[in-house]
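Undergrad: What follows is a structure written as structure tokens; I'll ask about it next.
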Amino acid sequence: MAVGHGHLPEPVAALIRARAAVPNPHLDVESYDPEGDLLVLNLGPQHPSTHGVLRVKLYLDGEVCIKAVPYLGYLHRGVEKLCEKLTYVQITPIVDKNDYVAAFSNELAINMGFETLLGVEPPPRAQHIRALGAEMQRVASHLLWIGTFGLDMGGALGGGATLFMHTFRERESILDCFEVLTGSRFHYNTLQVGGCRHDIPAGWETLVRQTFATISARIEEYESFVRTNAIFLARTRGVGVVDAELALSLGVSGPVLRASGVDYDLRRDRPYGLYRELKVNVATASAGDCQARFEVRLAEMRESIRLVNLLLDGVPEGPINVLKAVKLPGTVKPKPGIGYAAIESPRGELGTWVVADGSDKPYRCKIRGPSLHALSLLPYLAPGQNLSDIIVTLGSLDPIMGEVDR
Amino acid sequence: MILGNPWVHGGVVGFVVVNFLMVTFAWSVWFERKFAGRMQNRPGPTEVGPFGLLQPIADLLKLLQKQDIVPDGADRALFNLAPPIGAILILASAAALPFGPGLVAADLDVGVLFALSITSLMVIPVWMAGWASNNKYALLGAMRAAAQAVSFEVPLLLSAMVPIVLAGSFSIADIVAAQSGYAWFALWPPGPGLVAFVLFFLTSLAEANRIPFDIPEAESELVAGVTTEYTGMKFGLFYLAEYVHTLVASLLATVLFLGGWEGPFVDGPHWMIAKALGLYAFIFWVRWTLLRYRADQFMALCWKVLVPTSLATLVAAALWKHLS
Amino acid sequence: MSIDLSHFDLVAENDIVVVPVDKLVDVATYLRGQGFEYFVYCCAAHYPASESEPDRALVEYRLRRLPAEDVALRLWIPSSDACPSLAGLWQAADWQEREQFDLVGVRFAGHPDLRRIMLPEDWPGHPLRRDYAIDTRHFPWR
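Residue numbers (the numbering used here), protein chains in the order written: chain U, 645 to 1050; chain B, 3 to 326; chain W, -4 to 137.
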């Protein structure tokens, strides 16, 4: 099928062809367009809305995408190689930088992987702190996502920036809670193999309750935004529809999968830690478009706020680490073996696959990040879409490049 | 005519008007940043001068000091010509704008048409810049701008025809005179006038590339549209053209629909400026509140909604004129 | 809870099945038909040559039947050999196998587009191999 000037009776036909064609991420552009009339646009790695340093090579017919090829690795820092050179205790602050907007989830996933190998279970108080932190982090992460999604649609010099500033105000207050708990705002280094490093300080509970009461009221504003804003609806409804079967086959998880009608949440279906006792209501939507993903994330924020309040009620007394407080790095030595543990991070299934060889360092440590799988949807969603819609679709998948590239 | 010789008069009034526009532009940027800051829980500029009031001067100095970069492969002549042409065109459009009785650089019989046609010429420097930049984002932005200008000319002119029909003249002075006694066209006749005012205002936003119709710039998609490759004062001139365009559109809406310089106590340019700045501030409010339409949705809005509505409004206005 | 793979002469032990290389595609196709739609990961680890074993890699695919039924297919691939690709069965295997090829150096036979994914095209070596030292200087900082 050619799109050259000579073969193209009307541009509309090409547009319809492109839309009707089954998205093929390995489309042969040479034979599709032998005359080279397609516009090749490098979106990124320095582009305002590629969420960091993603580069997507777009083949455009007018403004309609024919093929999209993501190029990853601009943020590859060799975290997995670093893990092989560090002891089990030293790894925690390194993985903080993977999914840099949800560092707590990273720490939880990696330490749960190590605990699977060691066969230890953190004490109840540590489990409570972990679950609290994970749910607070989920709200913070989704707030950031709403803001950046606004930027994708409204630009940094428009209404999107206003939305961004407002969600960041709320996110800041959650980060303040984390600062009181752990001493830092983004990269906490607070979890350890076998428990936590920092205990809940006095008065923290009141601070968290107040913060989340405010946020809970302000989520109503975002809700009204998604319900009534005509431009928002025009830009998101029916845009970037993700097919559930394709999403499963691509290993997509988290809100993107749930927005496509698959009722699946690791917290409920493969419970870990405190979630074995906790009942989590899983939000789903059936449309699979950007609006559905927005609504699922809003509902998840509500549910997380409910869980935070519930967890604050019953924090038991007791130790926060089963092992003796690890003073010197390098004291944890799991038996040789292979383990996998996964948690539901704000973006989906965040897993750790660890191979131990009996030493104090992992032999191989792979971090299975949900962002990589969500991003792999882009070559399937972009063909047939307008350039503007590609930006919105990419934003709605919420890829964090630190986790994609690692 | 205040001064006897039309050349002297035009020169003096034109000088004052152009400087008014430039100064208003400079401090409207300060106002916009303050305003947007307050909308976003932040103070806006505070460092330069009291309340950050000297910020425009700092911005200007910064722009002047920037390295002037012409990208490799750019068409140098077109690339360098586009920003001054844009600024000159948009300032020229103010020549036919009266600020008070006789306070006009050139009192043309066809003042409305002159102002609208000169502002619509803005697409030429934008296209020049997009083509000459040798940048795909700039080219896409320029193509969008051209498509947008071609489409939105139609409802813009049709809605501007409503006050022309009601006043029976193309001269801005006559149109303002026809609205005297608070019979502003936005209020009277009820219906067509108000609809035409809203349409004119919306299409002016689109012509001036303001959110929600700023798809030629769309910096989340096209980085900065046509201005992607521009640095320093060349970028500043495009920036100036965009803001002055918005200001001229507000002034035009004021004379066509809001009774021009008429107001309580003393009629005069101050009322004209106050009304126009009110509209101008409203545009800032819209800009920092709304998201952006997609290009095709926005063309559909133009051809499927705005054009039929403006035609119907024009017919209604003509009927009103015919019957009364 | 383990899947019955006795007709392949394989035993699942705690969700883990050690699969011979030549049976991988058959087993994977069977599992795909049994509703294992969700592809969790493909991981590889490199084992350098020792007295008893040649230079080889461990490859593990984890597949899931929702909600929580896992099966991990574990293979030992000698460095001289290529692992059969599952990219035709699960789309996720496309990027996952590219990543393991890029970092660990496992080759996947039948992969549609086996290029580097994280590192630049001209990067020499595969960093997650055990013989790739972290504390020596490598391209482009050599």
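Ideal placement from N, C-alpha and C gives every residue a C-beta, glycine not left out. It should be emphasised that the depicted structure is a prediction, and the values quoted were computed from it without experimental measurement.
Could you check if Y139 (chain B) is buried or exposed, using at least 16 other CB atoms within 10 Å of its CB as the buried criterion?
TA: Counting from 1 along the second sequence, the entry for residue 139 (chain B) is found at position 137. Buried.
Undergrad: Going by Cα to Cα distance, which pick from U:M1045, U:P1027, U:D1042 and U:I1044 is closest to D672 (chain U)?
TA: Position 28 of the first sequence, counted from the first residue, corresponds to residue 672 (chain U). Considering only alpha carbons, the answer is U:P1027.
Undergrad: Of the choices B:Y295, B:N82 and B:A302, whose alpha-carbon is the least far from that of A874 (chain U)?
TA: One-based indexing of the first sequence puts residue 874 (chain U) at position 230. Measuring from the Cα of A874 (chain U), the nearest candidate turns out to be B:Y295.
Undergrad: With burial defined as no fewer than 16 other Cβ atoms inside 10 Å of the residue's Cβ, what is the status of N668 (chain U): buried or exposed?
TA: The sequence position of residue 668 (chain U) within the first sequence is 24, counting from 1. Under this definition N668 (chain U) is an exposed residue.
Undergrad: Residues of chain B with CB closer than 8 Å to the CB of S693 (chain U), please, in chain order.
TA: Residue 693 (chain U) sits at position 49 when you count from the first residue of the first sequence. Those within 8 Å of S693 (chain U) in chain B are S222 and E223.
Undergrad: Grab the span of the alpha helix (DSSP H) containing Y25 (chain W) for me, first residue to last.
TA: Stepping through the third sequence from its first residue, residue 25 (chain W) is reached at position 30. That run of the alpha helix (DSSP H) goes L19 to G28.
Undergrad: Interface residues of chain U around K138 (chain B) at Cβ under 7 Å?
TA: On the second sequence, position 136 is the one that residue 138 (chain B) refers to. In chain order: L683 and L685.
Undergrad: Taking just the CA atoms, how far does E34 (chain B) sit from F286 (chain B)?
TA: For the purposes of this step, residue 286 (chain B) is taken as the residue at position 284 of the second sequence. For the purposes of this step, residue 34 (chain B) is taken as the residue at position 32 of the second sequence. About 6 Å.
Undergrad: Is it true that the segment 266 to 284 of chain B meets the segment 244 to 256 of chain B, where meeting means three or more beta-carbon pairs spaced less than 8 Å apart?
TA: Flag = yes, the segment 266 to 284 of chain B and the segment 244 to 256 of chain B touch.
Undergrad: Name the chain U residues that come within less than 7 Å of C38 (chain W), Cβ to Cβ?
TA: As a position in the third sequence, residue 38 (chain W) is number 43, starting the count at 1. Per Cβ cutoff of 7 Å: W997 and K1010.
Undergrad: Closest to P695 (chain U) by CA distance: which of U:Q1029, U:L1025, U:N1030 and U:L1019 is it?
TA: Taking the first residue of the first sequence as position 1, residue 695 (chain U) is located at position 51. The sequence shown places His at residue 695 (chain U), rather than the Pro named in the question. Minimum Cα distance to H695 (chain U) is reached at U:L1019.
Undergrad: Using the Cα positions of R146 (chain B) and S1032 (chain U), report the straight-line distance between them to the nearest angstrom.
TA: In the second sequence, counting from the first residue as 1, residue 146 (chain B) sits at position 144. In the first sequence, counting from the first residue as 1, residue 1032 (chain U) sits at position 388. The alpha-carbon atoms of R146 (chain B) and S1032 (chain U) are separated by roughly 12 Å.
Undergrad: Name, in chain order, the residues that DSSP records as bridge partners for N965 (chain U).
TA: One-based indexing of the first sequence puts residue 965 (chain U) at position 321. Answer by DSSP bridge pairing, in chain order: U:G839.
Undergrad: Using 10 angstroms around the beta-carbon of D(-1) (chain W), count the other beta-carbons present and answer buried if the total reaches 16, otherwise exposed.
TA: Walking along the third sequence from the start, residue -1 (chain W) turns up at place 4. Label assigned to D(-1) (chain W): exposed.
Undergrad: Expressed to the nearest angstrom, what Euclidean distance is found between the alpha-carbon atoms of W334 (chain B) and S173 (chain B)?
TA: Only positions 3 to 326 of chain B appear in the structure, and residue 334 (chain B) is not among them; the question remains open.
Undergrad: Kindly indicate which three-state DSSP category T834 (chain U) falls into: helix, strand or coil?
TA: As a first step, residue 834 (chain U) is located in the first sequence; it is residue number 190 there, counting from the start. In this structure, T834 (chain U) counts as coil in the three-state DSSP scheme.
Undergrad: For H41 (chain W), which beta-bridge partners are listed by DSSP?
TA: Here residue 41 (chain W) corresponds to residue number 46 of the third sequence, with the count starting at 1. Answer by DSSP bridge pairing, in chain order: W:A52.
Undergrad: Taking 7 Å as the threshold (C-beta atoms), are P963 (chain U) and G992 (chain U) in contact?
TA: Taking the first sequence and counting its residues from 1, one reaches residue 992 (chain U) at position 348. Taking the first sequence and counting its residues from 1, one reaches residue 963 (chain U) at position 319. With contacts defined by Cβ atoms closer than 7 Å, G992 (chain U) and P963 (chain U) do not form a contacting pair.
Undergrad: Sort B:H272, B:T205, B:G227 and B:L293 by Cα distance to L303 (chain B) and report the nearest one.
TA: Position 301 of the second sequence holds residue 303 (chain B). Of B:H272, B:T205, B:G227 and B:L293, the residue nearest in Cα terms is B:T205.
Undergrad: For R661 (chain U) and chain W, any beta-carbon pair shorter than 7 Å?
TA: Walking along the first sequence from the start, residue 661 (chain U) turns up at place 17. Confidence is the limiting factor: at R661 (chain U) the pLDDT is only 48, short of 50, which leaves the residue's position unreliable, though a coordinate-based value still follows. It does not; no Cβ of chain W falls within 7 Å.
Undergrad: Listed from N- to C-terminal order along the chain, which residues in the segment 693 to 723 of chain U have their beta-carbon within a distance smaller than 8 Å of any beta-carbon of chain W?
TA: L716, G717, H720 and G722
Undergrad: Confirm, please, whether the CB-CB distance from R853 (chain U) to P899 (chain U) is below 7 Å.
TA: Counting from 1 along the first sequence, the entry for residue 899 (chain U) is found at position 255. Counting from 1 along the first sequence, the entry for residue 853 (chain U) is found at position 209. No, the Cβ-Cβ distance between P899 (chain U) and R853 (chain U) is not below 7 Å.
Undergrad: Using a Cβ-Cβ cut-off of 7 Å, state whether P214 (chain B) counts as contacting chain U.
TA: Along the second sequence, read from residue 1 onward, the residue named residue 214 (chain B) stands at position 212. By this cut-off, P214 (chain B) is an interface position.
Undergrad: Specify the secondary structure class of P271 (chain B) as computed by DSSP and reduced to three states.
TA: Start at 1 with the first residue of the second sequence, and residue 271 (chain B) comes out as number 269. Looking at P271 (chain B) - three-state DSSP - the assignment turns out to be helix.
Undergrad: Among U:Y1024, U:L918, U:A986 and U:V885, which residue has its Cα nearest to the Cα of A931 (chain U)?
TA: In the first sequence, counting from the first residue as 1, residue 931 (chain U) sits at position 287. Nearest of U:Y1024, U:L918, U:A986 and U:V885 to A931 (chain U), Cα basis: U:V885.
Undergrad: Looking at chain U, which residues of the segment 273 to 301 of chain B have a Cβ within less than 7 Å of any of its Cβ atoms?
TA: R289, W290, T291, L292, L293, R294, Y295, R296, A297, D298 and Q299
Undergrad: Please classify S95 (chain B) as buried or exposed, where buried requires at least 16 other C-beta atoms within 10 Å of its C-beta.
TA: Locating residue 95 (chain B) in the second sequence gives position 93, counting from the first residue. Classification of S95 (chain B): buried, given that the 10 Å Cβ count is 16 or more.
Undergrad: Confirm, please, whether the CB-CB distance from N755 (chain U) to V837 (chain U) is below 7 Å.
TA: For the purposes of this step, residue 837 (chain U) is taken as the residue at position 193 of the first sequence. For the purposes of this step, residue 755 (chain U) is taken as the residue at position 111 of the first sequence. Result yes, Cβ atoms of V837 (chain U) and N755 (chain U) sit closer than 7 Å.
Undergrad: With a threshold of 6 Å on Cβ separation, who are the neighbours of A665 (chain U) within its own chain once the five nearest residues in sequence on each side are excluded?
TA: Mapped onto the first sequence, residue 665 (chain U) falls at position 21. Because A665 (chain U) sits at a pLDDT of 48, beneath the cut-off of 50, its placement in the model cannot be relied upon, and the following sentence gives the value as read from the coordinates. Correct list: empty, nothing qualifies.
Undergrad: Is the distance from the Cβ of P194 (chain B) to the Cβ of A318 (chain B) below 7 Å?
TA: By 1-based counting over the second sequence, the position of residue 194 (chain B) is 192. By 1-based counting over the second sequence, the position of residue 318 (chain B) is 316. The Cβ-Cβ distance between P194 (chain B) and A318 (chain B) falls below 7 Å.
Undergrad: Using a C-beta cutoff of 7 Å, does G802 (chain U) count as contacting chain B?
TA: One-based indexing of the first sequence puts residue 802 (chain U) at position 158. Answer yes: the Cβ-Cβ gap between G802 (chain U) and chain B drops below 7 Å somewhere.
Undergrad: Check each candidate in U:V700, U:V976, U:P737 and U:C1009 and name the one with the smallest Cα separation from G763 (chain U).
TA: Within the first sequence, the letter at position 119 stands for residue 763 (chain U). Among U:V700, U:V976, U:P737 and U:C1009, the Cα nearest to that of G763 (chain U) belongs to U:V976.
Undergrad: Mind checking whether E55 (chain W) and A67 (chain W) have CB atoms under 7 Å apart?
TA: Counting from one through the third sequence, the residue named residue 55 (chain W) turns up at place 60. Counting from one through the third sequence, the residue named residue 67 (chain W) turns up at place 72. Going by C-beta atoms, E55 (chain W) is nearer than 7 Å to A67 (chain W).
Undergrad: Suppose you measure from the CA of V6 (chain W) to the CA of A226 (chain B); what does that come to, to the nearest Å?
TA: Counting from 1 along the third sequence, the entry for residue 6 (chain W) is found at position 11. Counting from 1 along the second sequence, the entry for residue 226 (chain B) is found at position 224. Distance between the alpha carbons of V6 (chain W) and A226 (chain B): 60 Å.
Undergrad: Taking the alpha-carbon positions, what's the D74 (chain B) to V128 (chain B) distance?
TA: As a working note, residue 74 (chain B) is residue 72 in the second sequence. As a working note, residue 128 (chain B) is residue 126 in the second sequence. D74 (chain B) and V128 (chain B): Cα-Cα distance of roughly 19 Å.
Undergrad: Threshold first: 4 residues or longer. Then list the alpha helix (DSSP H) segments lying entirely within the segment 140 to 199 of chain B, N to C.
TA: 174 to 180
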